[in-house]
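K.L.:
If you scroll down you'll find the structure; I have some questions about it.
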Amino acid sequence: MPTLLLRLQGPFQSWGVTSRFDERDTQLEPSKSGVLGLICAALGRDRSEPLDDLAALRMGVRVDREGVPMRDYQTATGVMIASGKPDLRRTVISPRFYLADAAFLVGLEGTDQMLLARVHDALRAPHWPLALGRKSFAPGEPVWLPDGLSPLGLEAALAAYPRLRAPQRGGTGTVVRTLLEDVREGSIRLDQPVAPFAERQFGPRYVKSGVMDVPEQTDARPA
């Protein structure tokens, strides 16, 4: 089956799946819900529209550069309280976690080649601005890859594409970490959209961790 490759690389990224109330978490890798949300922005697909076609795609992530987990916080006043009225005297502190200087190659595999081609075209000229998990986290490099449409399956496409970034300072080798969606086994991630994004309903999917040897890129920027 063909695979569409995306580059998720920038100063900051945040891929939360268990955020509740004031605290916002992040995983160490992109979530499927976050990647599909980015694609919906590129396509101009509203949050109320179905996304069954996108949710059916099988996702894989290649970690070309591990992000550095960091935390900041935001403050807000006038938040709603139990009475349904804003409390202008109360200030809420919201801790927010994110990754710094990460680089991911994401693959989406599916049987509908026309759908993958439409997404590829949309990433080149997105309908709405793209973000890496948060609206304020703009990509540092284009998400669209000129050669991002591959006839290869997910694993082969991820393994064949040159590395996006050189290893961290002091690092060597061409082996990188991977996470591949699987139908039978792996760790469970609750980031599989099962309804339009406006309904905020997500189900489980299996993800298998592994490693992969990838080609070096001669112009990959050093750490």
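With this note's numbering as the guide, the letters of the sequence shown map in order to residues 887 to 1109.
The beta-carbon is built from N, C-alpha and C at its ideal position, and this holds for glycine as well.
Predicted model only: the values in this text are computed from it and were never measured.
1) Where does A942 fall in DSSP's three states?
2) Using the beta-carbon count (16 or more within 10 Å), is I1074 buried or exposed?
3) I need the straight-line Cα distance from L1110 to T977, nearest angstrom please.
4) Going residue by residue through the stretch 1043 to 1088, where are the continuous beta strand (DSSP E) segments of at least 3 residues, counting only ones entirely within it?
5) Assuming contact is defined by CB atoms lying nearer than 8 Å, are R957 and R1051 in contact in what I supplied?
6) Measuring only the C-alpha atoms, how far is S1022 from T1060?
7) Taking just the CA atoms, how far does A1084 sit from H1006?
8) Across the stretch 991 to 1003 and the stretch 936 to 945, are there enough close Cβ pairs to call them in contact, namely three or more that are closer than 8 Å?
9) Taking just the CA atoms, how far does L1076 sit from P1090?
10) Please state the DSSP three-state secondary structure of L929.
11) What's the C-alpha gap between L1031 and L929?
12) Do P897 and D987 have their beta-carbon atoms positioned less than 8 Å apart in this structure?
13) Just tell me which of S917, P888 and R893 has its CA closest to the CA of G902.
14) Only counting the same chain, and skipping five residues up and downstream in sequence, which positions put a Cβ closer than 7 Å to that of R933?
P.N.:
Taking the structure as given:
1) In the structure shown, A942 sits in coil (DSSP, three-state: anything other than H, G, I, E or B).
2) With fewer than 16 other Cβ atoms within 10 Å, it is exposed.
3) Since the first and last residues shown for the chain are 887 and 1109, residue 1110 lies out of range.
4) Correct list: 1061 to 1068 and 1073 to 1079.
5) Not closer than 8 Å, so no.
6) Cα to Cα, the separation comes out at about 32 Å.
7) So the two alpha carbons sit approximately 24 Å from each other.
8) With contact defined as three or more Cβ pairs closer than 8 Å, the stretch 991 to 1003 and the stretch 936 to 945 are in contact.
9) When rounded, the distance between both Cα atoms is 4 Å.
10) Residue state, collapsed to three classes: helix.
11) Inter-residue distance for L1031 and L929 is about 16 Å (C-alpha atoms, whole angstroms).
12) The answer is yes: Cβ separation under 8 Å.
13) Of the candidates S917, P888 and R893, the one whose C-alpha sits nearest the C-alpha of G902 is S917.
14) Around R933: P1082, F1083 and A1084.
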